[in-house]
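To convert, count from 1 in the sequence shown and add 275; that's the numbering used here.
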Amino acid sequence: MEKRRNVLMIAPTPFFSDRGCHMRVLNSYFRLKRSNFNIDLLTYPIGRDMKGVNIKRTANLPGYRKTEVGFSIYKPFIDLFLLFRSIKEMRNNDYDIIYAHLHEGAMIGLVLKKLFNKELIFDSQGSLVGELSEQGAIKKQGMISKLVWPVEKYITKKPDKIITSTQALQEFITREIKPDKPIEVIEDYPDVSLFNPKVKKANLKLPKNKKIVVYLGGLQEYKGIDYLIKSIPYVNDKFHFLIMGYPVERVKELAKELNIEKRITFTGKIPYEKAPSYLKLGHIAVSPKTLESGEANAKVYNYLAMNLPVVCFDSKDNRRILKNKGIYAKPKDIKDLAKKIEEGVR
Numbered sequence: 276m277e278k279r280r281n282v283l284m285i286a287p288t289p290f291f292s293d294r295g296c297h298m299r300v301l302n303s304y305f306r307l308k309r310s311n312f313n314i315d316l317l318t319y320p321i322g323r324d325m326k327g328v329n330i331k332r333t334a335n336l337p338g339y340r341k342t343e344v345g346f347s348i349y350k351p352f353i354d355l356f357l358l359f360r361s362i363k364e365m366r367n368n369d370y371d372i373i374y375a376h377l378h379e380g381a382m383i384g385l386v387l388k389k390l391f392n393k394e395l396i397f398d399s400q401g402s403l404v405g406e407l408s409e410q411g412a413i414k415k416q417g418m419i420s421k422l423v424w425p426v427e428k429y430i431t432k433k434p435d436k437i438i439t440s441t442q443a444l445q446e447f448i449t450r451e452i453k454p455d456k457p458i459e460v461i462e463d464y465p466d467v468s469l470f471n472p473k474v475k476k477a478n479l480k481l482p483k484n485k486k487i488v489v490y491l492g493g494l495q496e497y498k499g500i501d502y503l504i505k506s507i508p509y510v511n512d513k514f515h516f517l518i519m520g521y522p523v524e525r526v527k528e529l530a531k532e533l534n535i536e537k538r539i540t541f542t543g544k545i546p547y548e549k550a551p552s553y554l555k556l557g558h559i560a561v562s563p564k565t566l567e568s569g570e571a572n573a574k575v576y577n578y579l580a581m582n583l584p585v586v587c588f589d590s591k592d593n594r595r596i597l598k599n600k601g602i603y604a605k606p607k608d609i610k611d612l613a614k615k616i617e618e619g620v621r
């Protein structure tokens, strides 16, 4: 019988915090587990444990509690803890493979590869410069971007294998970084035993006799949520919007400014395991993300698994994933987005 190979998976993020990046990490863990690997997942000190996942966590710093996307002053220090803990784990365990998520994880993986001469796999979810600029941490054409870009290229070129979550990201890396190693696309298909159209609807009080439009995902501006909120005044009043995700304060304020608070139900953070029952309440789903950094759009796969029609902006990647199940609006056009939402429910 072939010996099971041991994997140290590095996830520099507060896993699990019910967001897209973490779903990618979770899916990759179980994909390897199904392929007969033994996996230890090394991650940040906060986040909730998940059934069936062997999690090891770093030490914490007093005051670090942030689980949403975006910069934290604590993050560089926690990444340093992650590096030291990963070296300790490599010394104490017989790992065959280092599987690194995100660019910070890949950088740690490169140190481990140098020290222990083990195979390094980099699971990339987007361009580092692209993601940082979308999050507002840096300007896309600014001086810091010009400094970060060579670092991104170096990190991406050095692993033994690269895995991307989208074909668009694979094409971007091939064209702009030109690594001399294989790039495999593994998409973010959800657990179909969980995301199943036969699940029971969540017990949530929603307006009667309304068509329910659902959105599941982060509520940061770069996720495209502002396009959806700003489209609502142009959508017929027979539609009600169920918006699931966090952080909610900014988008609630935007809804108040547009005088549409009564047309939206904000749930805040929804546990991943309960998301299907909430999606089941919907007649149609919306994905307003613009996909400019090649980042995955995991919510689209969840919508498809729940047999929901999906309204999104017209893009090559959305059309490749959704095909004839997508309803395509002109990119960044809120009036056309509103029109397509209405057309999607007859």
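The C-beta atom is built at its ideal place from N, Cα and C for all residues, glycine as well.
Less than 8 angstroms divides the Cβ of Y578 from the Cβ of A560.
Spanning the alpha carbons of A613 and F588 requires a straight line of approximately 11 angstroms. Looking only at P337, Y464 and I437, the smallest Cα-Cα distance to I452 is reached by I437. Nearest to G619 by alpha-carbon distance, out of R594, L583, K537 and V404, is L583.
With a beta-carbon spacing of about 6 angstroms, M581 and P472 fall inside the 8 angstroms limit used to define contacts. The residue from I500, S361, I535 and M284 with its alpha-carbon nearest to that of P522 is I500. Beyond the five residues adjoining it in sequence on each side, T333 comes within less than 7 angstroms, by CB distance, of Y319, P320, I353, F356, L357 and R360 in the same chain, given in chain order. Along the region 584-610, the alpha helix (DSSP H) occurs as fully enclosed runs of 4 or more residues at 591-597, listed in sequence order. In the three-state reduction of the DSSP assignment, M298 falls in the helix class, which pools H, G and I. Residue burial is scored here from C-beta neighbours: F514 has at least 16 other C-beta atoms within 10 angstroms and is therefore classed as buried.
Residue state for N313 is assigned as strand, using DSSP reduced to three classes.
DSSP, read as helix, strand or coil, puts G384 in helix. Annotation: the continuous alpha helix (DSSP H) that includes L444 extends over Q442 to E451. Taking the Cα positions, S420 is about 15 angstroms away from G401. DSSP places V426 inside the alpha helix (DSSP H), whose first and last residues are M418 to K432. With a 10 Å radius around the Cβ and a threshold of 16 neighbouring Cβ atoms, T439 comes out buried.
When DSSP reads this structure, S399 sits in a beta bridge with T439.
For R332, the enclosing beta strand (DSSP E) stretches over residues I330 to R332. Contact between I602 and V575 does not hold, since their C-beta atoms are separated by about 12 angstroms, which reaches or exceeds 8 angstroms.
Here DSSP, grouped into helix, strand and coil, assigns A477 to coil. According to the DSSP secondary-structure assignment, K486 is paired through a beta bridge with F514. Apart from the 5 residues on each side of it in sequence, L377 sits with its Cβ closer than 6 angstroms to the Cβ of P287 in its chain, given in chain order. For Y349, no alpha helix (DSSP H) segment is defined, and its DSSP state is neither H nor E.
Here E394 has I372 and D435 as same chain residues with Cβ atoms under 6 angstroms from its own Cβ, once five neighbours each way along the sequence are excluded. In the structure shown, H376 adopts extended strand secondary structure according to DSSP, grouped into three states.
Across the set V328, F291 and P289, the C-alpha of V328 shows the shortest separation from the C-alpha of K308.
The straight-line gap separating the alpha-carbon atoms of L444 and R279 is approximately 31 angstroms. The alpha carbon of I430 has as its nearest neighbour, out of G380, M418 and Y464, the alpha carbon of G380.
Going by DSSP, S552 is part of no beta strand (DSSP E) but of the alpha helix (DSSP H) stretching over A550 to L554.
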